[in-house]
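In our numbering, the protein residues as written are 658 to 941.
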């Protein structure tokens, strides 16, 4: 490394000397004939001495680097002085065993529990000898004795009331039809059923007798019709109008045209019955 620094400094001095020599070698105003081109050139090239060539060659040559060889030696292992154990002393030393929590004498004082022997297993009987349990027979119900039938006395025929007797002609007292006492034995629902069936027959006859007015008008008229027990028309009126006077008049006219209806059932005892019926007029 020191050699490289010295060579570098030497070459710098040589280069600086060459530049200085070239500067001093500049020709003066009265240049000689050897100044090149008749002394017209400012600089004259002069061959360098041979020693400069050796310096340049030495500069370009890389320095020799000496490879230092270092011999590496492995360190010697340091072994500690190991002392072999004394086998005889180790064998002579007794090993301490853990002491028992209780001495065997304590265990002898524990009472002995006597275990009862298992119960004997019941003998297994063959399946053929086992009889299934019999179900108890249901108790037989004795038929109840029929209650004695009490004889009811015959009901006497009552005299018909004024409401149940229709007035006759000829001034005789026996002109009307007598009604039996069976009328009072009907329930309310049975009476309503009989009245509804009789009212349906009355409405059917009115539907057959009605005439739809001209102009093709349609609607529903509710009329109130009173009919006697023998089926004669007593009275008729409009209960709910259809909004069209022509339809209302046609409904009343249809009832009057029918005028004679079927008689009331014999179980009904009233003289007159009133029905509220809807009379419909359709396009068909």
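Note that beta-carbon positions come from the ideal geometry of N, C-alpha and C, so glycine has one too.
Query raised in the report: Skipping 5 residues on each side, what residues in its chain have a beta carbon closer than 7 angstroms to that of residue 867?
Result: Same-chain partners within the cutoff: 907, 908, 911 and 936.
Report task. Under 8 angstroms Cβ to Cβ from residue 893, same chain only, skipping five residues before and after it: list those, please. Result -> Taking C-beta separations shorter than 8 angstroms and ignoring five residues to either side along the sequence, the partners of residue 893 in its chain run 880, 881, 882, 883, 909, 912 and 913, following chain order.
Query raised in the report: Straight-line CA distance for residue 899 to residue 850?
Result: Each residue's Cα considered, the two are about 29 angstroms apart.
Query - residue 877 vs residue 930 beta-carbon contact at 8 angstroms - result: A distance of 8 angstroms or more separates the beta carbons of residue 877 and residue 930.
Query raised in the report: Between the C-alpha atoms of residue 674 and residue 719, what's the straight-line distance to the nearest angstrom?
Result: The C-alpha of residue 719 is placed about 23 angstroms away from the C-alpha of residue 674.
Query - Among 938, 926, 887 and 794, nearest to residue 920 - alpha-carbon criterion - result: Minimum Cα distance to residue 920 is reached at 887.
Requested in this report: Excluding the 5 residues preceding and the 5 following residue 870 in the sequence, name in chain order all residues of the same chain whose CB lies nearer than 7 angstroms to its CB.
Outcome: Excluding residues within five positions, the ones whose Cβ falls inside 7 angstroms are 903, 904 and 907.
Query - Residues bridged to residue 882 [DSSP beta-bridge criterion] - result: Bridge pairing for residue 882: 893 and 932 [DSSP].
Requested in this report: Return the residue from the list 843, 859, 861 and 889 that minimises the CA-CA distance to residue 926.
Outcome: Comparing Cα positions, the closest option is 843.
Query raised in the report: Residue range of the alpha helix (DSSP H) that residue 666 falls in?
Result: Element bounds for residue 666: 659-681.
Query raised in the report: How is the alpha helix (DSSP H) around residue 846 delimited, first residue to last?
Result: Taken as a continuous stretch (DSSP letters only), the alpha helix (DSSP H) holding residue 846 covers 845-866.
Query raised in the report: Anyone know if the C-beta pair for residue 938 and residue 859 falls short of 8 angstroms?
Result: Contact: no.
Query raised in the report: Per DSSP, which one or two residues make a beta bridge with residue 888?
Result: Beta-bridge pairing links residue 888 to no other residue.
Query raised in the report: So what's residue 876 in DSSP terms, helix, strand or just coil?
Result: Three-state result, residue 876: strand.
Report task. Work out the CA separation of residue 659 and residue 679 for me, nearest whole Å. Result -> Rounded to the nearest angstrom, the two C-alpha atoms are 31 angstroms apart.
Report task. Report back the beta-carbon spacing between residue 896 and residue 933 to the nearest angstrom; my notes put them in contact at under 8 angstroms. Result -> With a Cβ gap of about 6 angstroms, residue 896 and residue 933 count as contacting.
Report task. Express the C-alpha separation of residue 874 and residue 846 in angstroms, rounding to a whole number. Result -> Their Cα atoms are separated by approximately 39 angstroms.
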